[in-house]
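A short write-up of the structure that comes next.
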Amino acid sequence: MSIVRALKCRECGQEYAIEPNHVCEFCFGPLEIVYDYDQLEGVFTRELVESRPHTMWRYKELLPLDGDPTVGVQNGFTPLIRARNLEKVLGVSELYIKNDSVCHPTLSFKDRVVSVALSKAVEFGFKTVACASTGNLAGSVAANAAAAGLESYVFIPHDLEQGKVLGAGIFGTSIVGIDGAYDDVNRLCSEVAGKYGWAFVNVNVRPFYAEGSKTYGYEIMEQLGWRAPKHVVVPMASGSLCTKIDKAIKEFIRLGLVEDQETAIYGAQATGCSPISQAVKQGSDLIKPVQADTIAKSLAIGNPADGYYASRVIRDSGGWAEDVSDEEVVDAIKLLAETEGIFTETAGGVTLGVTRKLIEQGRIPRDESIVVCITGNGLKTQEAVADAIARPRVIRPSIHDFDAMMAEERPAAAADA
Amino acid sequence: MSVTVRIPTPLRKLTGGADEVQVEAATIAEMIDQLEAAHAGLKARLCDENGEIRRFVNVYVNDEDVRFLDGSETKLKDGDEVSIVPAIAGGS
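Residue numbers (my numbering), protein chains in the order written: chain A, 1238 to 1654; chain B, 4 to 95.
Here it is, written out as C-alpha cells:
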C-alpha cells in the first residue's frame, strides 16, 4: 500500500506527479514527497512494526515506494547504545549513540537513502544509477547497485580518503574523480543527470532518496521504547539528515506512535566548513557558501542544498548549532573509541565534539535524554587519526623483554605478576 | 543605466528564446520591473508574493550574489552584467 500523494515544492507549494524530478519548474524550489497519512490511521501500529524483520523496511509505509523494496532489503536497523561510560565523562545522565557506523552493507547511514533511491530507480525503469559524493555515498551506491545488478557511476572530489575511494572501487563501479571540491562535483552532476538519463540518487531522484534518512529517526524512537528523545545531535553536510529526523519525529507523533517530547534538534559541523552553523549562530536564514577546509571531508559541502531548511528546523525545534576544529574532531573520535568501543569517522568526531561543546555551553541540559547520531565508520578515514594514536612498541618474542617493558611502563602490574 | 541580464534556459520561453536582455535600471528591483514590462510573467518566476527574490533564484551582479550586497536594492551601473541562475538543488 502506498500512501504517497505527490511531489510538492517546498517553496511555492506546486504539486507534481511522482516522477524522477527534484526541482519546481516554476520557482526552482526543491520538491519533497508528501503523504496521505490518514490512510495509515489504525493500520500502521507499533505491533505491526514489531512483527517485521529488523531492517529499515519495517517502516515501509512511510517510504516512497509503490511496491516492496528490491534493493537493500537487509539494510538498516543498527544498534542504539546506552553510552554509560561516555555519560560519566560528559557529566550527563542519559546519553545514547545511534550507531550507523555498522550499517549494512557499507558502514554508513547512506545505505538507508541509497536503498530507497535505487529501489525507486528500479520502479522507474532505470538501468544505470549514479551519484555525486563526498565518499560514503559513492561506496553505498556502488555496493547496492552491484547487488541489484545495476550499472553505476560515482562522481567524487579527487582528493578523498583512500578508504573511501577503495571502498567504492571494489564494487566494480565507474569512479570519476573531479578536479575540484564537492560543490563542483555536484554542479557537474546536475548537468550529467540532465543529459544522460541516469538515476542520480542525489539529483533527479533526490526527493525519494532523502526520505530514506527518516528510518534513522524511526529506529531511534522505536529503540528508545517508542519514545522521542529530548535532544538529538546531527552531523550536517547538506543539512538533509536534520530535516528528515525532524520529519520522522513529527510523523510518529502524527500517527500516535510516540508522544511529543518537543525534541530539540542540534546541528554539527566542522569549523572549516560551517555555513549552516554560522547562520544559526548569527540568527540568519542566509546560508553563505564557503570553501571547505576540514578533515571531515564527508561533511565538506560549502554550499549546502538543505542549509536553509536545516537552520529552520534547528531554530523551530529549540535546538542550536555549533562547529568544532579538526583537533577537536580527532579528540572526539578517540573519546568515543576509548569509552564506548566505537570507531567512527571524522563526521562522527564532529558530532560528538559538538555534543560535548553544547553540553559545556549549557545549551543541552545534563539531565535529559540525548541521542548522538554516529553515521559513518572510522576505518574509512584512518588518515585523520593515524598520527594521534599509539603505535605498537616492538620487542623480541622473549618473556624477559616483555617483563622489562612492563617494569618500565607499568611497574605496579609488573610487581604483581 | 544600461545593464545586460543573462537569462537561464528555463526562463527563455518568456524572453522569446533570448539568452541576454538589455534593460535600463538603477537597482535590481527596477531591473526586475523592467524585465516584467518587456516579458510578462518573468517577475512571478523571480520573486515571491512579497516581491522578494525567491530563495532558489540566485541573482549575481558581476559575479557577486546580491544577497551579500544589498539584495533587491543593490545599485546597478552602466555596463553591469547581471546573471540569473537557478540554485543547484541536490547533494548528499
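In this text, a Cβ means the ideal position worked out from N, Cα and C, and glycines have one as well.
On a predicted model such as this, the values are computed, not experimentally measured, just so you know.
Give the secondary structure of residue i by DSSP, where H, G and I count as helix, E and B as strand, and everything else as coil.
| i | result |
| --- | --- |
| Gly1266 (chain A) | coil |
| Arg1289 (chain A) | coil |
| Pro1629 (chain A) | coil |
| Cys1610 (chain A) | strand |
| Glu1252 (chain A) | strand |
| Cys1246 (chain A) | strand |
| Ile1502 (chain A) | strand |
| Phe1392 (chain A) | strand |
| Ile1240 (chain A) | coil |
| Val1697 (chain A) | With chain A represented from 1238 up to 1654, any question about residue 1697 (chain A) goes unanswered, as that position is not in the structure. |
| Thr1365 (chain A) | strand |
| Val1413 (chain A) | strand |
| Val1402 (chain A) | helix |
| Thr1371 (chain A) | coil |
| Arg1647 (chain A) | coil |
| Phe1437 (chain A) | strand |
| Val1442 (chain A) | coil |
| Arg1593 (chain A) | helix |
| Ser1635 (chain A) | coil |
| Val8 (chain B) | strand |
Mind reading off the beta-carbon distance from residue i to residue j? Whole number of angstroms is fine, and I expect it under 8 angstroms.
| i | j | result |
| --- | --- | --- |
| Ser1475 (chain A) | Arg1349 (chain A) | Not really, about 15 angstroms apart at Cβ, beyond 8 angstroms. |
| Ala1369 (chain A) | Asn1423 (chain A) | 5 angstroms |
| Phe1445 (chain A) | Val1353 (chain A) | 6 angstroms |
| Leu14 (chain B) | Arg48 (chain B) | 6 angstroms |
| Glu1298 (chain A) | Ile1240 (chain A) | 6 angstroms |
| Val1517 (chain A) | Ala1558 (chain A) | 4 angstroms |
| Leu1492 (chain A) | Leu1302 (chain A) | Going by Cβ atoms, the distance from Leu1492 (chain A) to Leu1302 (chain A) rounds to 18 angstroms, so no, they are not a contact pair. |
| Glu1646 (chain A) | Lys1467 (chain A) | That pair is no contact at about 43 angstroms. |
| Val1391 (chain A) | Ala1367 (chain A) | 7 angstroms |
| Glu84 (chain B) | Thr7 (chain B) | 5 angstroms |
| Glu1499 (chain A) | Gly1555 (chain A) | 7 angstroms |
| Ile1255 (chain A) | Glu1448 (chain A) | About 12 angstroms separates the two Cβ atoms, so there is no contact after all. |
| Asp1470 (chain A) | Cys1261 (chain A) | Strictly speaking, residue 1470 (chain A) in this sequence is Val, with Asp absent from that position. Going by Cβ atoms, the distance from Val1470 (chain A) to Cys1261 (chain A) rounds to 31 angstroms, so no, they are not a contact pair. |
Would a C-beta distance cut-off of 8 angstroms place residue i and residue j closer than the cut-off?
| i | j | result |
| --- | --- | --- |
| Ala1533 (chain A) | Ala1574 (chain A) | no |
| His1259 (chain A) | Val1440 (chain A) | yes |
| Ala1505 (chain A) | Ser1535 (chain A) | no |
| Val1587 (chain A) | Ala1621 (chain A) | no |
| Arg9 (chain B) | Cys1264 (chain A) | no |
| Ala1547 (chain A) | Ile1513 (chain A) | yes |
| Ile1457 (chain A) | Val1608 (chain A) | yes |
| Arg1247 (chain A) | Gly1266 (chain A) | yes |
| Asn1373 (chain A) | Lys1335 (chain A) | no |
| Ile1412 (chain A) | Gly1406 (chain A) | yes |
| Thr1480 (chain A) | Trp1435 (chain A) | no |
| Tyr1296 (chain A) | Tyr1455 (chain A) | yes |
| Asn1381 (chain A) | Val1442 (chain A) | no |
| Ile1393 (chain A) | Ala1375 (chain A) | yes |
| Ser1338 (chain A) | Gly1613 (chain A) | yes |
| Asn61 (chain B) | Ala21 (chain B) | no |
| Gly1615 (chain A) | Thr1581 (chain A) | yes |
| Met1643 (chain A) | Ala1650 (chain A) | yes |
| Thr77 (chain B) | Val64 (chain B) | yes |
Quick check: the Cα distance between residue i and residue j, rounded to an integer number of angstroms?
| i | j | result |
| --- | --- | --- |
| Ile1502 (chain A) | Leu1323 (chain A) | 20 angstroms |
| Ser1330 (chain A) | Asp1497 (chain A) | 21 angstroms |
| Ala1320 (chain A) | Phe1363 (chain A) | 43 angstroms |
| Ile1318 (chain A) | Ser1562 (chain A) | 26 angstroms |
| Glu1388 (chain A) | Ala41 (chain B) | 47 angstroms |
| Lys1484 (chain A) | Gly1578 (chain A) | 30 angstroms |
| Asp1187 (chain A) | Cys1510 (chain A) | In the structure as shown, chain A begins at 1238 and stops at 1654. Residue 1187 (chain A) is therefore absent and cannot be evaluated. |
| Leu17 (chain B) | Glu23 (chain B) | 12 angstroms |
| Glu52 (chain B) | Ala43 (chain B) | 16 angstroms |
| Leu38 (chain B) | Lys1245 (chain A) | 28 angstroms |
| Pro1294 (chain A) | Glu1488 (chain A) | The displayed chain sequence assigns Trp, not Pro, to residue 1294 (chain A). One C-alpha to the other measures close to 16 angstroms. |
| Lys1347 (chain A) | Ser1377 (chain A) | 6 angstroms |
| Leu1332 (chain A) | Tyr1453 (chain A) | 17 angstroms |
| Leu1397 (chain A) | Lys1617 (chain A) | 10 angstroms |
| Glu1565 (chain A) | Gly1590 (chain A) | 6 angstroms |
| Ile1524 (chain A) | Asp1638 (chain A) | 59 angstroms |
| Ala1379 (chain A) | Phe1408 (chain A) | 6 angstroms |
| Asp1653 (chain A) | Arg1603 (chain A) | 40 angstroms |
| Arg1600 (chain A) | Asp1560 (chain A) | 14 angstroms |
| Pro1257 (chain A) | Ala29 (chain B) | 41 angstroms |
| Arg1552 (chain A) | Tyr1545 (chain A) | 11 angstroms |
| Ala1569 (chain A) | Leu1344 (chain A) | 19 angstroms |
I'd like to confirm something about residue i: is its beta-carbon nearer than 7 angstroms to some heavy atom of the ligand FAD, or not?
| i | result |
| --- | --- |
| Gly1309 (chain A) | In terms of ligand content, the structure shown is empty, and the ligand FAD therefore cannot be addressed. |
Using a beta-carbon distance below 8 angstroms, is residue i in contact with chain D?
| i | result |
| --- | --- |
| Val60 (chain B) | In the structure shown, chain D cannot be found, because the protein chains are A and B. |
Segments assigned alpha helix (DSSP H), at least 4 residues, entirely inside the segment 1290 to 1349 of chain A: 1321 to 1327
What alpha helix (DSSP H) runs, 4 residues minimum, are completely inside the segment 13 to 89 of chain B? 31 to 41 and 45 to 49
Just list the alpha helix (DSSP H) runs in the segment 1518 to 1584 of chain A, keeping only unbroken ones of 4 residues or longer that don't cross its boundaries, in chain order. 1544 to 1553 and 1563 to 1577
Ignoring anything shorter than 3 residues, give me the beta strand (DSSP E) runs that lie fully in the segment 1446 to 1497 of chain A, in order along the chain. 1468 to 1472
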